[in-house]
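Q:
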Amino acid sequence: MGRSAAGRGGAATARLTAALLLVAMLLAGCSRPEPRPAPTPPVPQPSPSGPPSPSSTGRPRLPGFVVLGDADPRIRTDIRYATAHNFVGRPIAGYQEPLCLLTRQAAEALRRVQDAAVAGGHSLKVYDCYRPVPAVNDFVAWSKRPGEQQTKAEFYPHVEKSQLFAQGYVGAPTAHSRGSTMDLTLVPATAADEPPFVPGRPLVSCTAPRAQRFPDASIDMGTGFDCFDPSARTAAPGVSGQARENRRLLERLMTDAGFVNYPGEWWHYRYEDEPYPDTFFDAPVARSSVG
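Structure follows, in structure tokens:
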């Protein structure tokens, strides 16, 4: 027959207690925080100006670089940014010594160019090679000081200083900071040493005839070095005769050895197979930087 009311009430109470216990267990499970993965440690990022300079370890600060004079002492040097004879008018930051530093690959290729130049009665002369990032920063800072124009008459006689960056005559960053780019010219193999620059001397436009420009022993290239003017473009239509032929000679010698010309400057060449195409170094121009 059926159960008593008391029996039915006890069973109901037991079911209710069990239901409440189940709810409590579910709530406890929902309140437990979900396990999270351990944080991934940050990956060190390389310096934008190149590998660190391990000078404290005694290792080279410019790996694989050499002093051009050691690789080929026949090549003349006239490192303008270590002197006051440049478009800024003073030595540039980062140029501690008047040296041409290059990656070994670029220096070896330049030696081949020198062999060919000597065979034709000429010699190379470099104006600039590796250019550290602090030097480029110095150029940028100079460009923002409109009052400093003491060299305008020689280096940018027909261009306003405020337009030098906009028109591409000065740029940042530069391939020079990668160590396989150089600015150079050709001089007669028997040329005498050029007279030193004397600060305060009258300045002559870099676009003036060769006989009137600063005498640096270069064969006639149509303009002087670092001439911020359309006529300095390698294939400038206004440059003809012997100057055009001399530019073509330099371009042929350099191209045959694996260099590429920057069309905006007849003197600017980059070794095409450069070993550091994406690295801009900041070590100073000094023998201690290469070992």
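Heads up: the sequence shown is residues 110 to 400, going by the working numbering. Idealized CB from N, CA, C, for every residue including glycine. In this text the structure is predicted, and so the values were computed from the model without any measurement.
How big is the Cα-Cα spacing for residue 357 and residue 245?
A: When rounded, the distance between both Cα atoms is 29 Å.
Q: Would you kindly report the start and end of the unbroken beta strand (DSSP E) that includes residue 232?
A: Residue 232 -> beta strand (DSSP E) spans 231-237.
Q: Leaving out the 5 sequence neighbours to the left and right, which residues in its chain are closer than 7 Å to residue 347 when beta-carbon positions are compared?
A: Excluding positions up to five away in sequence, the list reads 340.
Q: Counting Cβ pairs closer than 8 Å, one from the region 374-392 and one from the region 282-299, do we hit at least three?
A: In short, these stretches touch, since the Cβ pair count reaches three.
Q: Quick check: what's the CA-CA separation for residue 383 versus residue 222?
A: Near 16 Å, if we compare the C-alpha coordinates of residue 222 and residue 383.
Q: Using DSSP with H/G/I as helix, E/B as strand and the rest coil, what is residue 185?
A: Residue 185: strand per DSSP, three-state reduction.
Q: Which whole runs of the alpha helix (DSSP H) in the region 238-295 are 4 residues long or more, in chain order?
A: Counting only runs of 4 or more, we get 242-252 and 261-264.
Q: Under the three-state reduction of DSSP, which class applies to residue 197: helix, strand or coil?
A: In the structure shown, residue 197 sits in coil (DSSP, three-state: anything other than H, G, I, E or B).
Q: In chain order, what residues of the same chain have a beta carbon less than 6 Å from the beta carbon of residue 259, not counting five sequence neighbours either side?
A: 198, listed in sequence order.
Q: What is the C-beta distance between residue 211 and residue 239, in whole angstroms, given that I count them as a contact (C-beta under 8 Å)?
A: Confirmed, about 6 Å.
Q: Does the count of Cβ pairs from the region 327-341 and the region 364-382 closer than 8 Å reach three?
A: Contact holds: three or more Cβ-Cβ distances are below 8 Å.
Q: For residue 178, tell me which candidate among 206, 195 and 194 has the shortest Cα-Cα distance.
A: If we check each option's Cα against that of residue 178, 206 comes out closest.
Q: Using a 10 Å radius around the Cβ and a threshold of 16 neighbouring Cβ atoms, would you call residue 318 buried or exposed?
A: It is exposed - the Cβ of residue 318 has fewer than 16 other Cβ atoms within 10 Å.
Q: Leaving out the 5 sequence neighbours to the left and right, which residues in its chain are closer than 6 Å to residue 204 when beta-carbon positions are compared?
A: So the list reads 190, 191 and 394, once near-sequence residues are dropped.
Q: Using CA coordinates, which residue listed in 328, 213, 255 and 263 is at the minimum distance from residue 271?
A: Residue 255 is the option with its Cα nearest to residue 271.
Q: Mapping the DSSP letters down to three states, classify residue 339 as helix, strand or coil.
A: In the structure shown, residue 339 sits in a helix (DSSP, three-state: H, G or I).
Q: Do residue 290 and residue 379 have their CB atoms nearer than 8 Å?
A: Cβ atoms of residue 290 and residue 379: closer than 8 Å.
Q: What residue does the beta strand (DSSP E) around residue 379 start on, and which one ends it?
A: Note, residue 379: beta strand (DSSP E), 377-380.
Q: Just curious, the beta strand (DSSP E) that residue 212 is in, first and last residue?
A: Per DSSP, residue 212 belongs to the beta strand (DSSP E) from 210-212.
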